[in-house]
Amino acid sequence: MAAISYAEYRAMRRFPALDGLRAIAAVIVVAFHFGGPKWDWVSGWVGVQLFFVLSGFLITTLMLREEESRGRVSLRSFYIRRIFRILPVYLVVLAATYALAHLNGGGGRVRESMPYYLLMVNEFAPNSAFLHSWTIAIEWKFYLVWPLLAFALVRTAFLRRIAVTLLVIAGLVALIPFEKDWPYWPIHYVSILVGCLLAIVMHHPKGYALFRPLTRPVVSLAVLVGFVAVHLSLQYWPPAADGHSELRVAVYAVAVAFLLPAMLTPGIPTKVLSWRPLVFVGERSYSLYLVQYLAMTTVIALVPSYAGHSTRLFVGTTVVGLLAADLLYRWVEQPMIGVGRHLSGHGKAAPTPTPTTPTPTPTPDLPVLTPSGDRR
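Throughout the sequence shown, residue numbering follows the working numbering, covering 7 to 382 in sequence.
In structure tokens, the structure reads:
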């Protein structure tokens, strides 16, 4: 089969393989937290970087397509959709975390960090009562700043957006040696921006031509094999002198950026990653990520012998977490997404182009999957 043309890429309404990638990322994170040394080989700690690159790529792709079809991005509509996509489940799980901690006599720790959790600066919270939520805070701040930077200040300018993205990446990299309180935070934004950069490049015909060879079925399979090799090699990298993992994170983010175009083609990798059980988990990956510690606590409460990191705790946490995530997906996520869509509408229509203004290429509003399973 031939590579996917630019027109075919732009006509894609969904990227189905990315649900499978989200599912794998979520499960290996759970394995990292609760599986113990036997699961070190999956390098689950890096699963969040896969989420970050996906977030940058998918959100930026959505905004680029909206800008082209309507003349501009409606920031009001974007922020309303993000608020109703991210916050309802987050606040429900935060409330449940506080309630459980209070019942167990540890409510004070959650209260101490509550201002950080409510202001979405979780990575700087003074304790680990809800520590894994730092990733949500990272993405939240990205959602707040990136549309303003790339679509309000820089409009319909391919090279300018590339330059701005590279400058921001360079600035974040420069911050790494000087950040002491949370030494990892700049590199996480770099991962997201790698995804943004990929989206900007692939949106342009000449940029897409650079990645088009990766969409050949045989090449896509080779890319997937190479990516798996990079992923599995992470545990063998020599530790950095300062004990941090910024270089591994950066290499992994770039590897994900090469993987994503290869997963667009309807070949074997896409079929595997579009397997219905993986899609099911991928659609619920946001809630699964949030409830994993509550699920772990539930498993140990039901089966005390499961206490201690092990394969059975990992599996039990995943199963209980998926049950809870499914309930949240049906009763909170989807209804609140619907509310956000209703309140946001479609934004104001772009001004009618004059004869001296180039007419935007008509492109439908494409419901590409967002990082958390949302569809527009």
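Even for Gly, the Cβ is constructed at its ideal location relative to N, Cα and C. Quick caveat: nothing in here was measured; it's all calculated off a predicted structure.
Residue i versus residue j - alpha carbon distance
i, j, result
"Leu372", "Pro94", "Because the pLDDT at Leu372 is just 37, under 50, the model does not fix this residue reliably, and the value given afterwards should be weighed accordingly. Approximately 24 Å, taken between the alpha carbons."
"Leu204", "Asn110", "46 Å"
"Met120", "Tyr104", "9 Å"
"Met342", "Phe84", "14 Å"
"Gly322", "Glu118", "30 Å"
"Leu270", "Val224", "13 Å"
"Ser291", "Trp191", "22 Å"
"Gly77", "Leu106", "48 Å"
"Val234", "Tyr242", "14 Å"
"Leu172", "Gly201", "12 Å"
"Val326", "Met302", "8 Å"
"Val384", "Val127", "Residue 384 falls outside the range modelled here, since the chain spans only 7 to 382, and no answer is possible."
"Val255", "Ala176", "15 Å"
"Arg91", "Leu220", "32 Å"
"Ala13", "Pro310", "56 Å"
Boundaries of the alpha helix (DSSP H) in which residue i is found, first to last residue
i, result
"Arg78", "Run containing Arg78: none; DSSP gives neither H nor E here."
"Lys277", "Ile274 to Leu279"
"Gly346", "Gln340 to Ser350"
"His138", "That residue, His138, is in no alpha helix (DSSP H); it is neither H nor E in DSSP."
"Glu289", "Arg282 to Glu289"
Per-residue DSSP class, three states only, for residue i
i, result
"Trp191", "helix"
"Ser11", "coil"
"Trp243", "coil"
"Ala313", "coil"
"Ala169", "helix"
"Leu204", "helix"
"Phe57", "helix"
"Asn110", "coil"
"Pro183", "helix"
"Leu270", "coil"
"Pro211", "helix"
"Ser197", "helix"
"Arg115", "helix"
"Leu334", "helix"
Residue i vs residue j beta-carbon contact at 8 Å
i, j, result
"Asp25", "Glu339", "no"
"Val4", "Phe264", "Nothing can be reported for residue 4, as the shown portion of the chain is limited to 7 through 382."
"Val36", "Leu240", "no"
"Ser293", "Leu253", "no"
"Phe157", "Met69", "yes"
"Val59", "Leu296", "no"
"His108", "Gln298", "no"
"Ser350", "Ile86", "yes"
8 Å Cβ cutoff, residue i in contact with chain C
i, result
"Val231", "Here there is only one protein chain, and chain C is not present."
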